[in-house]
Every structure is written in structure tokens, then in C-alpha cells.
Amino acid sequence: MLFPVLIVLIFFENRPLSYNGKILVLLSAVTMILCIAKPIKLEMGFIFDLRYIPFIIVALYGGYKNVLPLYLILNIYRFYLGGGGAVQSFLFSTAVVILVPLLSKRFIKLNPRNRIICATAVSFLTMGSYLIILSIIMGTLDRKFWILTFNVLTTCVGVMSIIMIFIEQIIANIKNRDRILHSERLNVVSELAASVSHEIRNPLTVTSGFLQLLNKSKTLTPEEKGYVELSLLELNRAEKIVSDYLSFAKPQSENMVYSNMREESEYTKNIIMPYASIHNVEVQFGFDNTLNKDYDRNQIQQCLINLYKNGIEAMREKGGGTLFIDITESKQNIIISIQDTGIGMTREEISRLGKPYYSTKEEGTGLGMLMAYSAINKVKGNIEVDSEKGKGTTFLITIPT
Numbered sequence: 027m028l029f030p031v032l033i034v035l036i037f038f039e040n041r042p043l044s045y046n047g048k049i050l051v052l053l054s055a056v057t058m059i060l061c062i063a064k065p066i067k068l069e070m071g072f073i074f075d076l077r078y079i080p081f082i083i084v085a086l087y088g089g090y091k092n093v094l095p096l097y098l099i100l101n102i103y104r105f106y107l108g109g110g111g112a113v114q115s116f117l118f119s120t121a122v123v124i125l126v127p128l129l130s131k132r133f134i135k136l137n138p139r140n141r142i143i144c145a146t147a148v149s150f151l152t153m154g155s156y157l158i159i160l161s162i163i164m165g166t167l168d169r170k171f172w173i174l175t176f177n178v179l180t181t182c183v184g185v186m187s188i189i190m191i192f193i194e195q196i197i198a199n200i201k202n203r204d205r206i207l208h209s210e211r212l213n214v215v216s217e218l219a220a221s222v223s224h225e226i227r228n229p230l231t232v233t234s235g236f237l238q239l240l241n242k243s244k245t246l247t248p249e250e251k252g253y254v255e256l257s258l259l260e261l262n263r264a265e266k267i268v269s270d271y272l273s274f275a276k277p278q279s280e281n282m283v284y285s286n287m288r289e290e291s292e293y294t295k296n297i298i299m300p301y302a303s304i305h306n307v308e309v310q311f312g313f314d315n316t317l318n319k320d321y322d323r324n325q326i327q328q329c330l331i332n333l334y335k336n337g338i339e340a341m342r343e344k345g346g347g348t349l350f351i352d353i354t355e356s357k358q359n360i361i362i363s364i365q366d367t368g369i370g371m372t373r374e375e376i377s378r379l380g381k382p383y384y385s386t387k388e389e390g391t392g393l394g395m396l397m398a399y400s401a402i403n404k405v406k407g408n409i410e411v412d413s414e415k416g417k418g419t420t421f422l423i424t425i426p427t
């Protein structure tokens with residue numbers, strides 16, 4: 027049972043997500059076959075195995091798509107072995123493969139502790155159902171049957187609990203490592219942006235001042251005035267770019283507020299409404315938060331505007347849609363949910379969000395998302411992304427107070 031856990035942890039932890047999925051299904055299939063080939067034998071003559079533990083784990087984490095190959099491998103190998111009970115095994119595994127993956131979507135949304143409890147409970151119910159069917163077939167329930175029941179249930183529940191604890195710890199370690207790397211990346215970008223922007227802004231200010239004085243000269247020809255005005259426009263554009271880079275820097279003391287974000291959320295909603303109307307996007311806004319937090323007002327506003335704008339642009343390709351904005355509170359956390367009905371993203375695209383110069387848009391630079399992640403990181407918050415290709419994306423921001 028530890029075979030796939032150790033192999034993935036040692037060799038495949040840093041591979042792309044899609045590749046990991048295929049590897050996990052393959053390793054689970056090997057584990058399942060080994061469980062059938064080398065069952066647990068009791069002295070009284072009964073035998074049982076743990077084939078349904080990897081089967082249930084893959085069904086819960088991967089749904090129908092990943093568990094169907096295991097279902098085929100299980101039954102092909104079982105019929106190849108032959109002997110009594112092959113048909114009963116086929117019928118029981120069919121029932122399991124139909125029912126258990128139905129829980130997959132809800133299971134994934136649970137916290138780690140509840141996932142462990144849920145998987146253990148499913149394992150207990152699965153083996154309990156198997157034993158009930160066996161008792162009906164046997165007719166008489168003697169002492170040997172109850173010894174078998176005790177061994178099967180305690181072994182399956184115990185092994186499932188241990189394996190699930192290992193799996194969840196691996197997942198937690200991966201998330202923590204990614205969070206630390208991302209935080210370090212944002213800090214480097216912030217420091218670089220602050221230093222470079224400061225050095226560039228000084229000569230821009232001086233040059234702009236002299237050009238404005240020159241523009242007031244009466245000796246300039248209309249053509250020369252045109253050149254000066256164009257130069258001033260380009261300097262203003264350069265100033266705006268510098269300001270965008272400064273947004274990655276540390277929060278400015280003059281912009282710091284202690285608030286529940288109502289003013290910022292309503293302001294950014296009003297700012298984005300005309301842009302949404304142009305692209306046939308309806309905005310549904312809800313606010314129900316009483317918790318306060320220290321934050322840089324400008325950075326939070328820019329973060330929200332970037333996320334709203336991305337959601338609207340994701341729906342532009344579908345001819346419109348609805349942008350849902352919901353700000354609530356939960357367990358001393360401010361929860362900001364931004365959901366669109368746009369084109370969605372793949373798991374690989376989600377994993378690359380917030381990295382410098384990565385964007386899902388052809389004309390995008392990725393700095394908008396990087397700024398959003400940077401702003402939330404500075405208030406010690408967390409961004410979770412849930413997306414499905416063709417159906418839309420949800421950004422769930424959690425900010426501790």
C-alpha cells in the first residue's frame with residue numbers, strides 16, 4: 027500500500043500535474059494487483075485483501091475519469107485468476123465504481139482532516155457492505171465469520187487512515203513549498219520594482235519639467251511645439267508604467283487604512299461597470315463583512331480591478347456572461363469570491379498564474395495577476411483558483427484578520 031506513495035514522493039513530486047495523474051493511476055493499478063495476488067490469510071481458512079483501498083482513493087480524488095481504468099484492470103485480472111467469487115467481485119466493484127466517484131467533487135472541497143475522515147468512512151461502508159452480502163450468502167453467522175469481520179474492518183479502516191494521512195501530508199508539503207517559493211518570488215519582484223522605479227522616476231520628473239518650460243517659449247514654431255507635446259505625452263506614459271511597477275513595492279504609509287473593504291470594493295465595482303457593459307457582462311455584487319484589516323488601499327483596489335477585468339475579458343470571447351462578486355466573513359477571515367462564466371482554464375494554466383510575464387491572453391504581460399498575488403501576499407492572504415475549461419473560473423481570496 028505504501029508503494030505508490032513512496033514512488034510519487036521520491037520520483038514524481040515535481041512533475042506536471044497531468045503527468046502525475048497518469049502515474050498515480052498506473053501505480054495504484056500495480057498496488058491493486060499486488061493486493062489481489064498476495065492476500066491476507068487467516069488461520070481459520072478465510073482470506074481477504076485490500077484491493078478496494080487504492081480503488082476508493084483514486085475514485086475520490088480523481089473521479090470517474092481516473093477510476094474507470096482501475097475498474098477494468100481489477101475485473102480483467104480477477105477473471106484471469108478465475109475461481110469462485112469472480113462474478114460477485116465484478117458486481118460489487120461495479121456498484122462501487124458507480125457510487126463512490128459521485129462524492130469526488132464534494133470530497134475535493136473538504137479540508138484535509140475531513141478528507142481523511144471521509145475516505146476512512148467510505149472504506150468502512152464499502153467493506154461493511156461486502157460483509158453484509160457475504161453473510162447473506164453464508165446464511166449462518168458463526169464465530170469464524172465475526173472474527174473475519176473484525177479483521178477486515180479494522181485492517182481496512184486502519185490502513186486507509188494511515189495512507190490518507192500520508193497523502194494529505196504530501197499535498198500539504200507541496201502547497202507549503204509552492205507558497206514559500208511564490209512568496210520569495212514576489213519579494214524579489216517588489217524590491218527590484220521599488221529600486222528601479224525610484225531611479226527612473228527622478229530623471230523623468232526633471233525632463234518633464236524642462237519640457238513644460240520649453241513648451242511655454244514664444245520662439246518655438248508650431249511644428250516644434252507639436253514635438254514637445256508628443257514628448258510630454260510619452261513621458262506621462264513612462265510615468266504611468268513606473269507607477270505600475272511601484273505597485274509591486276511595499277505598502278505606502280500614506281495609503282494604509284484599517285477598514286472592512288466596503289469602500290474599496292464598491293469603488294472598484296463602480297469603476298469596472300462601464301467596461302462590463304461594453305462586453306455584455308452583468309455584475310452581481312454582494313457585501314456582508316464586519317471584519318477590519320490593515321492594508322494599502324491603492325494596492326487592494328488595483329488587485330480587485332485586475333481580477334474583475336480578467337473575469338470580464340474571459341467572458342468577452344463567449345459574447346458576455348455574469349461576474350459574481352461576493353465579500354463575506356468566516357472564522358476571522360475576510361472572504362472575497364470573484365466568479366465568472368467565461369472560457370475557464372486548464373490545471374496547468376492555473377498552476378502558472380501569478381508568475382512574472384505569464385498570461386493566458388495573447389496581448390497580456392502577466393503583471394496584472396502578479397500584482398494581484400503580490401497585494402494579497404502582503405496582507406498575509408491566500409488566493410485559491412477553481413476553474414473548468416469552457417465553464418468559468420472562481421478566485422477565492424482569504425484574508426486573515
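For the sequence shown, this note's numbering gives the first residue as 27, with consecutive numbering after it. Even for Gly, the Cβ is constructed at its ideal location relative to N, Cα and C.
CA-to-CA, the gap between Arg203 and Lys415 works out to about 27 Å. In the DSSP annotation of this structure, Ile79 is not part of any beta strand (DSSP E); the continuous alpha helix (DSSP H) holding it starts and ends at 78–107. Around the beta carbon of Pro30, 16 or more other beta carbons sit within 10 angstroms, so the residue counts as buried.
For Leu125, the enclosing alpha helix (DSSP H) starts and ends at 112–125.
Between Arg373 and the set Asp352, Ser413, Asn359, the nearest pair of CA atoms involves Ser413. DSSP places Glu355 in the strand class (E or B) of the three-state scheme. A direct Cα-Cα distance of roughly 41 Å separates Val51 from Val309. Taking a C-beta distance under 8 Å as the contact criterion, Thr181 and Tyr78 do not qualify as a contact pair. Non-local C-beta neighbours of Leu76 in its own chain, meaning closer than 8 Å and more than five positions away in sequence, comprise Met27, Cys61, Ile66, Thr181, Cys182, Val185, ordered along the chain. For Pro426, DSSP records a beta bridge to Asn359. Contact between the segment 335–342 and the segment 357–377 is established, with three or more Cβ pairs separated by less than 8 Å. Counting the other Cβ atoms within 10 Å of the Cβ of Ile102 gives fewer than 16, which makes it exposed. Taken in chain order, the whole beta strand (DSSP E) runs of length 3 or more contained in the segment 277–360 are 282–285, 307–314, 319–322, 347–356. In this chain, the alpha helix (DSSP H) harbouring Asn140 covers 138–164. Look at the beta carbons and you see the segment 319–339 touching the segment 285–301: at least three pairs across the two are nearer than 8 Å.
Using a Cβ-Cβ distance cut-off of 8 Å, the segment 156–165 and the segment 189–205 are not in contact, since fewer than three pairs of beta carbons, one from each stretch, lie closer than that value. Glu410: member of the beta strand (DSSP E) spanning 408–414, first to last residue.
Out of Ser363, Pro95, Lys242, the CA that lies nearest to the CA of Ile82 is found in Pro95. For Glu375, the closest C-alpha among the options Arg227, Lys357, Met395 is that of Met395.
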